[in-house]
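There are 2 protein chains.
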Amino acid sequence: MHQDLDQFSVTEAVLEQMADTPDARLKLIMESLVKHAHAFARDVDLKPEEWLAGIAFLTQVGQACTPSRQETILLSDTLGFSALVNILAANRQQSKATDPSLLGPFYRAAAPQKQIGDSIAEAADAPELVFYGQVQNGAGHGIPHAEVTVWQTDAHGFYDMQLHGEEKMDHRATFITDANGNFHFRTVRPLGYYIPMDGPVGRMIKAQQRHGCRPAHIHFLIGADGHQELVTSLYLSDDQYIGSDVVFGVSRSLIVTPKADPNSPIPELEAIHYDFMLAPSGSCGAGRVGADPSQLVNV
Amino acid sequence: MHQDLDQFSVTEAVLEQMADTPDARLKLIMESLVKHAHAFARDVDLKPEEWLAGIAFLTQVGQACTPSRQETILLSDTLGFSALVNILAANRQQSKATDPSLLGPFYRAAAPQKQIGDSIAEAADAPELVFYGQVQNGAGHGIPHAEVTVWQTDAHGFYDMQLHGEEKMDHRATFITDANGNFHFRTVRPLGYYIPMDGPVGRMIKAQQRHGCRPAHIHFLIGADGHQELVTSLYLSDDQYIGSDVVFGVSRSLIVTPKADPNSPIPELEAIHYDFMLAPSGSCGAGRVGADPSQLVNV
């Protein structure tokens with residue numbers, strides 16, 4: 000009988016009611032979640048009207064999600080929670096693989112397949128640049144036939160789904176590396192951008208007087224047989240928000256600078272050169288901290 | 000510059016980015032929330048696929064909310080979080096007022112106004128009972144013209160909104176106490192019930208092998224000039240789940256037993272007798288841990 004519960008025994012009562020959870024991992028996660036959630040309420044002596052504001056906020060976050068918008072991931076990202084999960088995953092990996100970064104809310108499955116050298120911009124309305132690099136194994140050797148998915152904003156800072164919803168894909172593509180593990184593509188310079196500010200997470204960011212910007216970056220999701228999937232992004236060094244990313248995704252090792260480069264496959268364009276190293280699949284997986292929004296609603 | 004963040008410095012980076020929040024209370028709450036959320040992820044070494052399951056779950060909780068269903072409150076209730084907020088509020092109150100209980104997800108504003116002695120059941124298809132009691136001030140004197148809103152399930156364990164959505168109200172009413180602070184009404188015996196098990200919270204409850212039941216109870220929301228609003232429920236003593244309420248709402252002082260009662264205003268019916276004591280409004284408010292679901296979507 001759990002009657003006349005006080006602020007501490009109520010936590011024990013919840014743990015007791017969850018004690019028969021058959022999945023040991025679910026049990027452990029929910030126990031820790033309940034303990035931390037209750038400790039939070041006690042620490043701040045949470046008021047009923049504050050609780051209600053939190054309920055309304057979380058409800059609005061869920062309801063703001065659509066097949067082309069994932070507000071719940073955005074909330075996790077802006078609280079540094081996604082970055083932390085990424086860091087924990089990288090710590091488990093124990094390899095010299097490329098640092099991961101956030102998948103973010105703009106990943107979409109089934110990006111158009113393109114040929115090495117193609118442009119990922121349907122109609123480039125800004126100076127083009129070329130990206131080139133090699134996908135390598137842990138020994139630094141190129142991996143042939145690795146699958147590289149890239150996505151980024153257009154030159155004005157918008158992702159395709161912000162302009163066209165689910166209708167159209169642009170500034171995203173999938174490439175297959177050549178026999179030496181190399182690939183390159185043409186693109187425009189991505190622009191830093193505000194996260195979506197018209198929803199509940201945007202209201203939180205404004206209430207915290209945060210700038211709400213991400214520095215300019217290009218996303219990469221790279222997979223190859225026998226290797227861990229790598230989810231990362233490369234960040235442009237001269238962006239004013241390179242040190243204050245609203246979603247905490249930047250690592251020093253992922254910062255790049257476009258420049259003239261005689262070794263580039265298209266030397267007449269400014270080039271970004273970056274080689275990616277994948278961890279062997281035997282190691283503990285990093286996994287994707289993110290998902291296609293269309294797979295996360297109405298499930 | 001927050002680059003190459005580790006699992007601890009990422010927390011500091013988030014707190015630093017929130018440091019300019021002008022609302023001191025919001026700043027305190029969000030700082031504590033971030034610290035506890037990050038500590039949770041570190042404690043369980045949260046995996047990306049577990050994070051993703053959590054994102055999908057929270058998204059589904061938000062999307063399950065409608066004007067007649069509040070799944071986010073249900074989640075808070077089933078994790079004992081609402082009960083804890085209630086306890087914290089009662090602790091602040093420092094009076095001998097009646098213990099509060101959960102407003103729950105079935106409260107609705109604007110219940111039909113009825114006269115003392117009326118039945119709250121439109122068509123009672125089970126033996127009737129009578130509820131009678133007095134609304135008292137801290138000195139134990141009756142408060143005239145207090146407003147008492149009551150709601151409960153029908154004799155089969157269903158709330159009106161579960162049967163009729165927003166279309167119709169039944170088994171709920173508002174009464175005004177008489178010159179001595181007394182009121183009474185006829186009703187049917189409420190039945191214990193499963194919380195809604197067809198949504199994401201129901202799936203969680205099943206995965207935890209919890210029974211998912213609330214013991215039979217009648218809800219009361221009582222207000223009077225010069226007094227704190229009281230939100231509480233009375234629980235029927237012989238319910239098999241009286242000691243294992245899935246939302247942790249039962250207090251010993253709120254348990255009642257219907258019985259023959261010669262002092263009842265309708266002595267031929269079984270009676271529940273309970274007097275409520277309100278705290279003066281000068282004291283720190285308990286507040287409503289809950290809300291009308293129709294006010295929490297699409298806001």
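Residue numbers (numbering that gives the first Met the number 0), protein chains in the order written: chain G, 0 to 298; chain A, 0 to 298. No residue lacks a Cβ here, since even glycine has one placed at the ideal position from N, Cα and C.
If we count the other Cβ atoms within 10 Å of its Cβ and call it buried at 16 or more, is residue i buried or exposed?
i	result
residue 167 of chain A	exposed
residue 205 of chain G	exposed
residue 298 of chain G	Model confidence at residue 298 of chain G stands at a pLDDT of 38, short of 50, so the residue's coordinates are unreliable; what they give is reported in the following sentence. Counting Cβ neighbours within 10 Å, residue 298 of chain G comes out exposed, since fewer than 16 surround it.
residue 184 of chain A	buried
residue 95 of chain A	exposed
residue 202 of chain G	exposed
residue 46 of chain A	buried
residue 252 of chain A	exposed
residue 239 of chain A	exposed
residue 307 of chain G	Since the first and last residues shown for chain G are 0 and 298, residue 307 of chain G lies out of range.
residue 144 of chain A	exposed
residue 138 of chain A	exposed
residue 210 of chain G	exposed
residue 20 of chain G	buried
residue 59 of chain G	buried
residue 99 of chain G	buried
residue 135 of chain G	buried
residue 108 of chain G	exposed
residue 76 of chain G	buried
residue 223 of chain A	buried
residue 328 of chain A	Residue 328 of chain A lies beyond the residue range present for chain A, which begins at 0 and ends at 298; the question has no answer from this structure.
Please state whether DSSP places residue i in a helix, a strand or coil.
i	result
residue 298 of chain A	Interpretation of residue 298 of chain A is limited by its pLDDT of 37, a score under 50 that renders its predicted location unreliable; the figure taken from the coordinates is listed afterwards. Residue 298 of chain A: coil per DSSP, three-state reduction.
residue 270 of chain G	strand
residue 68 of chain G	strand
residue 29 of chain G	helix
residue 181 of chain A	strand
residue 73 of chain G	helix
residue 97 of chain A	coil
residue 279 of chain G	strand
residue 54 of chain A	helix
residue 86 of chain A	helix
residue 39 of chain A	helix
residue 213 of chain A	strand
residue 218 of chain G	strand
residue 233 of chain A	strand
residue 112 of chain G	strand
residue 78 of chain A	coil
residue 205 of chain A	helix
residue 167 of chain G	coil
residue 148 of chain A	strand
residue 253 of chain G	helix
residue 135 of chain A	strand
residue 0 of chain A	Caution is warranted here: a pLDDT of 41 is assigned to residue 0 of chain A, below 50, making its placement in the model unreliable, and no coordinate value can be reported.
residue 102 of chain G	coil
residue 20 of chain G	coil
Mind reading off the beta-carbon distance from residue i to residue j? Whole number of angstroms is fine, and I expect it under 8 Å.
i	j	result
residue 199 of chain G	residue 70 of chain G	7 Å
residue 236 of chain G	residue 219 of chain G	That belief does not hold up - the Cβ atoms of residue 236 of chain G and residue 219 of chain G are roughly 17 Å apart, past 8 Å.
residue 67 of chain A	residue 127 of chain A	The Cβ separation is near 27 Å, so there is no contact.
residue 120 of chain A	residue 163 of chain A	Contact doesn't hold; Cβ gap of about 14 Å is too wide.
residue 32 of chain G	residue 33 of chain A	So it is not a contact: roughly 15 Å between Cβ atoms.
residue 272 of chain G	residue 106 of chain G	Contact doesn't hold; Cβ gap of about 24 Å is too wide.
residue 61 of chain A	residue 61 of chain G	1 Å
residue 263 of chain G	residue 186 of chain G	Not quite, the Cβ-Cβ distance comes to about 13 Å (not below 8 Å), so this is no contact.
residue 280 of chain A	residue 208 of chain A	About 44 Å separates the two Cβ atoms, so there is no contact after all.
Assuming contact is defined by CB atoms lying nearer than 9 Å, are residue i and residue j in contact in what I supplied?
i	j	result
residue 112 of chain G	residue 56 of chain G	no
residue 229 of chain A	residue 278 of chain A	yes
residue 41 of chain A	residue 101 of chain G	no
residue 141 of chain G	residue 90 of chain G	no
residue 133 of chain G	residue 247 of chain G	no
residue 103 of chain A	residue 156 of chain A	no
residue 9 of chain A	residue 37 of chain A	yes
residue 250 of chain G	residue 212 of chain G	no
residue 149 of chain A	residue 110 of chain A	yes
residue 189 of chain A	residue 215 of chain A	yes
residue 265 of chain A	residue 116 of chain A	yes
residue 86 of chain G	residue 14 of chain A	no
residue 221 of chain G	residue 241 of chain G	no
residue 27 of chain A	residue 43 of chain G	yes
residue 147 of chain G	residue 268 of chain G	no
Residues in the stretch 74-91 of chain G with C-beta within 8 Å of chain A's C-beta atoms, listed in sequence order?
75, 78, 79, 80, 81, 82, 83, 84, 85, 86, 87, 88, 90, 91
Using a Cβ-Cβ cut-off of less than 7 Å, list which residues of the stretch 44-57 of chain G approach chain A; keep chain order.
44, 45, 46, 47, 48, 49, 50, 51, 54, 55, 57
Taking a cut of 7 Å between CB atoms, which residues from the stretch 252-279 of chain G lie near chain A?
none
Return the residues of the stretch 6-17 of chain G that lie within a Cβ-Cβ distance of less than 8 Å from chain A, sorted by chain order.
6, 9, 10, 12, 13, 16, 17
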